[in-house]
Amino acid sequence: RDWRFVARHPAVWTRVLLENARVCSKFLAMLAQWCTQAHSLTLQNLKPRQRGKKESKEEYARSTRGCLEAGLESLLKAAGGNLLILRISHCPNILTDRSLWLASCYCRALQAVTYRSSTDPVGHEVIWALGAGCREIVSLQVAPLHPCQQPTRFSNRCLQMIGRCWPHLRALGVGGAGCGVQGLASLARNCMRLQVLELDHVSEITQEVAAEVCREGLKGLEMLVLTATPVTPKALLHFNSICRNLKSIVVQIGIADYFKEPSSPEAQKLFEDMVTKLQALRRRPGFSKILHIKVDGGC
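Quick note on numbering: the sequence shown equals residues 213 to 511 in this note's numbering.
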């Protein structure tokens with residue numbers, strides 16, 4: 213009985229992690245009573261109830277859409293101003309970007325936010341709400357997960373709004389086919405304190421794109437991560453010459469990021485040549501220690 217009392221004391225529930233499980237909204241609402249002192253909440257790879265035998269996939273998707281959001285609202289409301297870190301990832305359909313709107317209502321002291329979804333990537337309306345409610349965010353990870361059902365929902369408009377809402381950002385992860393040079397340049401211009409930038413599934417970064425993005429910003433950048441984002445050697449050279457504080461450049465690419473028919477011999481030969489040229493940069497002064505190239509998930 214004593215242990216049960218201690219285990220349910222709010223002082224024990226400061227870091228809450230729920231992952232790889234089937235949960236319901238009532239369960240989250242029950243947890244809320246103990247999470248009044250929580251400063252970190254992570255929801256990752258959660259699943260809804262199982263599909264009924266006579267239930268079609270469409271009916272199942274409709275009935276489970278946003279099904280955890282009422283319980284999440286209870287959690288966020290309970291934690292309130294104590295919550296500093298919120299991470300929501302790999303919870304497709306059951307948690308939508310409305311989750312961030314709820315956070316903007318109840319958790320105005322948030323400093324680090326991660327929201328990654330393959331079904332409901334964050335849109336500019338929710339970014340505006342989060343920016344209005346949570347001004348203290350310094351780390352924001354909102355790149356859509358791939359394959360994404362709405363690949364262009366995260367757009368240049370989202371990038372521009374991020375720059376206006378949080379000019380003091382230190383770390384940012386964005387991505388998707390909707391991210392273009394105009395939005396990235398606006399972001400770099402407004403977020404002058406940015407130290408870590410991650411681009412995920414963005415269109416090819418050429419020297420011209422790098423020059424435009426670096427023209428008015430990224431001078432304090434320390435780490436650049438390009439995931440499934442094609443990049444040219446000249447673009448990397450430009451980043452390294454302009455961003456004097458760069459300590460790490462991570463390029464993680466696969467042949468499918470460059471070619472629509474990756475299995476063709478021509479595509480494989482061209483991709484090998486591209487990787488060879490990128491690897492050759494490591495022989496240049498100043499690049500050997502900071503450039504890390506990972507091909508198809510391998511080193």
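Cβ atoms here follow ideal geometry from the backbone N, Cα and C, with glycine treated the same way.
May I ask you to list the residues that DSSP assigns as paired with residue i?
i           : result
residue 385 : 353 and 410
residue 512 : Residue 512 lies beyond the range of the chain shown here (213 to 511); nothing can be said about it.
residue 324 : 297 and 351
Along the alpha helix (DSSP H) that carries residue i, what are the first and last residues, could you check?
i           : result
residue 284 : 281-291
residue 272 : 269-276
residue 456 : Segment: none, residue 456 is in no alpha helix (DSSP H) and carries neither H nor E.
residue 241 : 237-244
residue 369 : 368-377
Report the three-state DSSP secondary structure of residue i (helix, strand or coil).
i           : result
residue 305 : coil
residue 420 : helix
residue 261 : coil
residue 430 : coil
residue 362 : coil
residue 404 : coil
residue 334 : coil
residue 318 : helix
residue 252 : strand
residue 444 : coil
residue 347 : coil
residue 495 : helix
residue 219 : helix
residue 224 : helix
residue 395 : helix
residue 509 : For residue 509, the predicted structure reports a pLDDT of 43, less than 50, and the residue's modelled location is therefore unreliable. A value from the coordinates is still provided. Residue state, collapsed to three classes: coil.
residue 477 : helix
residue 329 : coil
residue 489 : helix
residue 380 : coil
residue 311 : helix
Quick check on the DSSP output: the beta strand (DSSP E) that includes residue i runs from which residue to which?
i           : result
residue 231 : 227-234
residue 439 : 435-439
residue 470 : From DSSP, residue 470 is part of no beta strand (DSSP E); its letter is neither H nor E.
Closest to residue i by C-alpha separation, out of the options, would be which residue?
i           : options               : result
residue 241 : 414, 277, 290 and 257 : 290
residue 264 : 402, 280, 256 and 276 : 276
residue 304 : 334, 376 and 393      : 334
residue 356 : 370, 499 and 340      : 370
residue 387 : 413, 393, 399 and 313 : 413
residue 421 : 447, 438, 442 and 401 : 447
residue 439 : 296, 453, 257 and 504 : 504
residue 415 : 322, 470 and 374      : 470
residue 228 : 274, 285, 298 and 236 : 298
residue 508 : 445, 220 and 464      : 464
residue 490 : 479, 475 and 442      : 442
Assuming residue i and residue j are in contact, meaning their beta carbons sit under 8 angstroms apart, how far apart are those beta carbons, in whole angstroms?
i           : j           : result
residue 382 : residue 405 : 6 angstroms
residue 324 : residue 351 : 4 angstroms
residue 374 : residue 399 : 6 angstroms
residue 287 : residue 247 : 6 angstroms
residue 281 : residue 314 : 7 angstroms
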